[in-house]
Amino acid sequence: MPASLHTPLSKHYIIGNWKMNGTCHEADQVTAGIINGIKKIYAPDLSPIICPPFTLLDRIGTFLSKEEEQGEYNFPLGAQNCSYPTDTPRTGSISATMLADLGVDFVILGHSERRKHNRESCDEICRKAQAAQAAGIKPIICIGENSLVRDSGKTSEFLKKQIEDSVPEHFSGFLSYEPIWAIGQKNAAPIPAIARAAKEIKEILLKKNPEAAPVVFYGGSVNAQNVSDILSLKEINGVLLGRASLHVDSFLEVYHQAVATVALKRQNTN
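The working numbering applies: residue 7 is where the sequence shown begins, and numbers increase by one.
This is how it looks when you write it as structure tokens:
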């Protein structure tokens, strides 16, 4: 049965992208603080996903697994990248199969920083997404335009091209709209711009795979002051945090606001 543009989703997500941050000691403190705080206000339909560097995946994954065993919690583990299969092993690469072996549930792919600094192409991102899905990991593919594209009025065409080239056939993962001009700034993108882009992304995804319910997140300067407005949008089912995910208080403030927003959102759609 074909999915609709606004197919209800059982879960919303708060994703913490730690980027290149975290020693073992820092990871222990931040993870314990976040999880202990979330347990006090835990909402089953709002999953927090911590995405640490490769070096901390096993450590944090072990901690999260123990917490899940002690109660009815769901604390997924995310990675920030993976490699795609090649004919020969490549030094410094981490495969999706290796991540799955560590218990990784999600992987961020195509972040604008990797597209820019690591020169990752859409084709590479597509291959990585295929590898992740084959390993049982949900890919979160990041897309978004820069200020030049935005100012030229070509955002729709740009996003369509990125999706066509970055998203594989039979895609079962998520997309995150992350306009480059909003990353690392004081303010997130304007709410109407987020809603418009997310709606267009969902329409493109439905044409690409009519059987799958399209799921779209937003990333770019998300904080406790704007997360409610963002998650209130019917087109958005989660947010990606950058710097706000590195500190216990800021992560918990976002999660706390999101719990109330998601609950109200569900009431309004029932």
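Backbone N, C-alpha and C define an ideal beta-carbon position, used for all residues, glycine too.
Determine which residues share a DSSP beta bridge with residue i and list them.
| i | result |
| --- | --- |
| valine 245 | Ile20, Tyr224 |
| serine 127 | In DSSP, serine 127 forms no bridge with anything. |
| phenylalanine 177 | According to DSSP, which records beta bridges pairwise, phenylalanine 177 is partnered with nothing at all. |
| tyrosine 183 | Ile149, Tyr224 |
| valine 113 | Ala85, Pro145 |
If you run the structure through DSSP and keep just helix, strand and coil, what is residue i?
| i | result |
| --- | --- |
| proline 59 | coil |
| isoleucine 207 | helix |
| valine 233 | helix |
| isoleucine 44 | helix |
| proline 50 | coil |
| serine 89 | strand |
| serine 172 | helix |
| serine 101 | strand |
| glycine 67 | helix |
| valine 6 | Residue 6 is absent from the structure shown; the chain starts at 7 and stops at 276. |
| glutamine 136 | helix |
| glutamate 217 | coil |
| proline 95 | coil |
| glycine 39 | helix |
| serine 158 | coil |
| serine 118 | helix |
| serine 251 | helix |
| isoleucine 189 | coil |
| serine 238 | coil |
| glutamine 76 | coil |
| proline 196 | coil |
Considering only residues of the same chain and omitting the five flanking positions on each side of residue i, which have a CB-CB separation below 6 angstroms?
| i | result |
| --- | --- |
| glycine 190 | none |
| alanine 203 | Tyr183 |
| serine 153 | Trp187 |
| cysteine 132 | Ser172, Pro174 |
| serine 101 | Ser89 |
| phenylalanine 177 | Asn215 |
Thinking C-alpha only, which one of the options is nearest residue i?
| i | options | result |
| --- | --- | --- |
| aspartate 107 | Tyr224, Phe60, Tyr79, Gly77 | Phe60 |
| valine 268 | Ser53, Ile200, Cys132 | Ser53 |
| proline 145 | Leu239, Lys160, Phe180 | Phe180 |
| arginine 249 | Asp64, Ile242, Val265, Leu258 | Leu258 |
| alanine 140 | Arg121, Lys160, Ile149, Pro174 | Pro174 |
| asparagine 215 | Tyr79, Ile169, Ser162 | Ile169 |
| leucine 246 | Glu206, Thr37, Ile55, Glu151 | Ile55 |
| serine 89 | Gly116, Phe69, Ile242, Thr161 | Gly116 |
| alanine 33 | Glu151, Val228, Leu63 | Leu63 |
| threonine 68 | Ile47, Asp51, Cys30 | Cys30 |
| phenylalanine 277 | Ser158, His176, Glu151 | Given that the chain is displayed from residue 7 to residue 276, the structure contains no residue 277 and the question cannot be resolved. |
| asparagine 80 | Ala135, Asp93, Leu105, Pro50 | Pro50 |
Excluding the 5 residues flanking residue i on each side, which residues of the same chain have their C-beta closer than 7 angstroms to its C-beta?
| i | result |
| --- | --- |
| asparagine 27 | Leu252 |
| aspartate 124 | According to the sequence displayed, residue 124 carries asparagine and not aspartate. Closer than 7 angstroms at Cβ, skipping near neighbours: no residue. |
| serine 99 | Ser89 |
Can the beta-carbon of residue i be found less than 7 angstroms from the beta-carbon of residue j?
| i | j | result |
| --- | --- | --- |
| leucine 83 | glycine 43 | no |
| alanine 201 | leucine 239 | yes |
| lysine 166 | isoleucine 210 | yes |
| cysteine 57 | glutamine 76 | no |
| isoleucine 20 | tyrosine 224 | no |
| asparagine 243 | alanine 194 | no |
| threonine 37 | isoleucine 66 | yes |
| valine 113 | isoleucine 143 | yes |
| valine 254 | glycine 39 | yes |
| lysine 205 | glutamate 241 | yes |
| valine 277 | lysine 208 | The chain is shown only over 7 to 276; residue 277 falls outside these bounds and no answer can be derived. |
| proline 91 | alanine 137 | yes |
Could you check whether the Cβ of residue i sits closer than 6 angstroms to any heavy atom belonging to the ligand ZN?
| i | result |
| --- | --- |
| isoleucine 56 | The ligand ZN is not part of the structure shown, which contains no ligands of any sort. |
Might you give, ordered along the chain, the residues of its own chain that have their beta carbon closer than 8 angstroms to the beta carbon of residue i, omitting 5 neighbours on each side?
| i | result |
| --- | --- |
| arginine 156 | Pro185, Trp187 |
| glutamate 130 | Tyr90 |
Any beta carbon from chain D within less than 7 angstroms of residue i's own beta carbon?
| i | result |
| --- | --- |
| proline 196 | In the structure shown, chain D does not exist; there is a single protein chain. |
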